[in-house]
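Residue numbers (this note's numbering), protein chains in the order written: chain A, 43 to 290; chain B, 5 to 493.
See below:
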């Protein structure tokens with residue numbers, strides 16, 4: 043589904059990604075682990091089209107379609123979703139309004155009809171229930187005054203509602219206590235489907251106790267330094283990233 | 005910050021003013037310049053009684069002795085008051101006309117602006133849509149006022165100011181200048197001498213005005229100023245909601261708009277006054293042209309438990325100098341001020357309010373949202389004061405500023421004076437910059453950059469938009485979007 047070949051990217055003068063290649067087939071969950079500064083967040087921003095991240099070489103395609111030439115919102119409409127490490131606060135815009143606006147923008151871009159208010163509400167209640175979210179939270183301005191855990195839950199809620207194909211989770215476990223982590227992980231697991239792929243970016247192994255990846259990649263110094271099964275995550279937890287950082 | 009950079013670039017390149025056309029119509033002007041003779045000319049044109057002329061001349065004498073104020077945070081070259089026309093009117097008969105008598109060019113102008121001047125057009129609108137009456141002021145004269153008969157049936161007087169002077173002199177004499185005295189300030193004093201036209205509203209005791217009233221001001225003539233005067237009186241227990249809108253053609257020279265608005269509420273009366281101001285803002289690149297909007301608006305909550313609510317959406321004008329205020333004289337009277345001020349290009353705005361608590365138990369609330377983009381400057385200036393007798397006075401003020409880009413400026417200048425120990429004043433203020441992070445977050449969910457800016461800005465101004473009458477809130481929301489349109493690279 044997602045195919046990245048020899049990706050080079052820079053932020054201002056610094057080259058962060060230096061020839062990264064990765065194949066993520068539909069139905070699979072891959073974890074990207076790596077030390078701070080390895081380029082994990084840069085990878086998520088380059089894939090989702092954040093401005094200021096310049097791709098100097100390589101390709102990234104989603105089901106054969108070039109992603110890199112598309113605007114951020116065009117990628118979103120094609121089913122690319124990023125769960126942010128630090129979700130932003132949007133004052134004055136209730137979460138429901140925000141999400142419905144986003145959903146309809148995506149529908150419009152894909153030439154699909156708008157979702158009716160009743161259908162939207164029905165679905166929102168359903169998903170909120172699954173994530174054990176207080177429905178009233180959806181009437182409040184998005185993320186304003188939310189706790190870290192609430193913000194992450196809201197990200198997963200949006201993800202479930204928008205029903206993307208490629209799900210990128212950037213440090214979703216940061217700032218979560220163990221109960222919140224379980225709820226979020228359950229939410230993510232419920233979204234696993236044969237026609238979906240997930241990229242789980244994390245510094246620590248603990249999230250992978252709840253979201254079981256098919257493969258684990260080690261990202262160090264801007265490229266994939268090693269790839270293995272779930273056991274690789276445990277090894278990293280024991281031995282740290284030193285080995286890869288040195289090799290790079 | 006590339007996304008914001010793009011926004012800034014395109015906001016600066018913006019030339020979206022949609023009301024900049026000029027209507028070609030035969031007009032009659034007073035000779036250029038200002039003198040006692042010009043004041044007499046205007047008064048004679050309007051067939052005014054002697055007392056009105058004397059009032060004007062006295063104001064003119066006072067004005068000659070006054071100096072132009074310079075304390076506002078705005079910069080402009082010295083105005084040559086002799087280099088402007090003080091009276092410009094379509095060549096038509098004076099006084100109220102039927103629509104058939106109005107120059108078709110003028111009717112076409114209002115049609116183009118989307119202002120319904122034919123009552124049947126309003127009536128033919130969406131079923132159940134609220135009706136509203138319009139007074140249309142074209143340069144120095146009112147060309148038509150709609151729904152007068154229907155309003156007269158419940159005793160509401162809604163007419164042009166000139167007509168009020170002729171037809172209801174007792175009301176005009178009783179209230180004119182009692183809220184904003186002729187000598188109040190330089191621009192108000194100038195207005196008192198040369199005021200052209202405007203609206204007059206009187207709502208009798210116990211009457212709830214059955215429809216929204218609105219006045220639509222259009223400056224068309226070149227090198228002319230507009231000096232309208234509006235007076236609204238809500239007698240005991242009365243209620244009225246009034247909206248004013250304004251536009252002007254794009255012209256290279258600056259034009260002065262110095263209006264005076266006086267509101268009076270007696271016991272238990274309420275006036276809701278909304279403004280959607282969209283004068284030509286000048287060229288966004290060079291700053292050339294545009295309206296100088298130097299306006300004095302004040303309400304006197306004379307009666308106990310009376311209430312005045314000002315709501316303004318300010319998007320136009322090269323320079324805005326305006327502080328809609330409330331004198332809270334009556335016991336337990338209430339004043340409110342809700343404001344959205346957007347500056348873009350080279351615009352400068354110095355705007356805010358004064359809440360003067362004189363009576364016991366008076367309350368006021370101020371919500372101000374300033375948005376600056378381009379190379380503009382946006383200042384909130386506000387005064388909240390409590391007189392020694394205003395025991396138990398309360399005020400809540402919230403001033404928020406949003407910056408788009410790095411070349412604009414926002415300032416907040418609050419003055420707070422409590423002269424008794426039993427008043428409670430709260431003041432909150434924030435300044436934030438529209439961030440790349442926020443824009444990216446919203447775009448990642450599927451909105452284009454333009455839609456993302458609109459969503460964020462509409463969220464920012466929501467508290468104020470919801471104070472506007474329903475049918476105008478939509479218009480205002482569109483205006484907010486247009487003012488910042490083109491923010492996509």
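C-beta: ideal position from N, C-alpha, C; glycine also.
Less than 8 Å divides the Cβ of residue 296(B) from the Cβ of residue 323(B). In this structure the region 359-372 of chain B does not touch the region 446-461 of chain B; the number of beta carbon pairs closer than 8 Å is below three. Annotation for residue 135(A): 183 and 184 place their beta carbon closer than 7 Å to its own, counting only its chain and skipping 5 residues before and after. If only uninterrupted beta strand (DSSP E) runs of at least 3 residues are considered, those enclosed by the region 184-237 of chain B are 203-207 and 216-222. With a beta-carbon spacing of about 5 Å, residue 353(B) and residue 382(B) fall inside the 8 Å limit used to define contacts. Within its own chain, the residues whose Cβ lies closer than 8 Å to the Cβ of residue 430(B), once the five positions on either side in sequence are excluded, are 399, 400 and 401, listed in chain order.
In terms of beta-carbon proximity, residue 134(A) lines the interface with chain B, with at least one pair separated by less than 8 Å.
Counted as a single uninterrupted DSSP element, the stretch harbouring residue 431(B) is not any alpha helix (DSSP H) but the beta strand (DSSP E) occupying residues 428-437.
In the same chain as residue 481(B), and ignoring 5 residues on each side of it, the C-beta atoms closer than 7 Å to its own belong to 462 and 469, in chain order. For residue 126(A), the chain B residues whose C-beta falls within less than 7 Å of its own C-beta are 445, listed in chain order. The criterion of a C-beta distance shorter than 8 Å is satisfied by residue 327(B) and residue 385(B). Residue 211(A): member of the beta strand (DSSP E) spanning 208-212, first to last residue. Identification of chain B residues near residue 143(A) by a Cβ-Cβ cut-off of 7 Å yields 451 and 459, ordered along the chain. Around the CB of residue 86(B), fewer than 16 other CB atoms lie within 10 Å, so the residue is classed as exposed. A distance below 8 Å separates the beta carbons of residue 123(A) and residue 210(A). Separation of residue 257(A) and residue 64(A) (C-alpha to C-alpha, rounded to the nearest whole angstrom) is 11 Å. In the displayed model, residue 254(A) falls within coil according to three-state DSSP, outside both helix and strand. Annotated as proximal: residue 325(B) and residue 76(B), with beta-carbon spacing under 8 Å. For the region 182-195 of chain A, the set of residues with a beta-carbon nearer than 8 Å to any beta-carbon of chain B comprises 183, in chain order. Per DSSP, the beta-bridge partners of residue 75(A) are 244(A) and 260(A). Per DSSP, the continuous alpha helix (DSSP H) segment holding residue 447(B) begins and ends at 440-448. According to the DSSP assignment, residue 347(B) belongs to the beta strand (DSSP E) that extends over 338-347. Closer than 8 Å to the CB of residue 178(B) there is not a single CB belonging to chain A. The region 100-108 of chain A and the region 436-456 of chain B do not touch, with fewer than three beta-carbon pairs separated by less than 8 Å. At the C-beta level, residue 278(B) and residue 247(B) come within 8 Å of one another. Residues of chain B whose Cβ lies closer than 9 Å to the Cβ of residue 238(A) do not exist, since the nearest Cβ in that chain is about 17 Å away. Of all residues in the region 72-102 of chain A, only 87, 90, 91, 92, 93 and 94 place a beta-carbon less than 9 Å from a beta-carbon of chain B. Using beta-carbon distances, residue 482(B) does not count as an interface residue toward chain A, since no partner is under 8 Å. With respect to residue 198(B), residue 420(B) sits apart: the two C-beta atoms are not nearer than 8 Å. In the structure shown, residue 286(A) falls within a helical segment according to DSSP collapsed to helix, strand and coil. When Cβ-Cβ separations below 8 Å define contact, residue 172(A) makes no contact with chain B.
Below the 7 Å Cβ cutoff, chain B contributes 441, 442 and 445 as neighbours of residue 130(A), in chain order. Put simply, the backbone Cα of residue 179(A) is about 11 Å away from that of residue 167(A).
Residue 53(B) sits exposed, since fewer than 16 C-beta atoms from the chains shown fall within 10 Å of its C-beta.
In the three-state reduction of the DSSP assignment, residue 34(B) falls in the coil class, being assigned neither a helical nor a strand state. Residues of chain B whose Cβ lies closer than 8 Å to the Cβ of residue 200(A) are, in chain order, 449.
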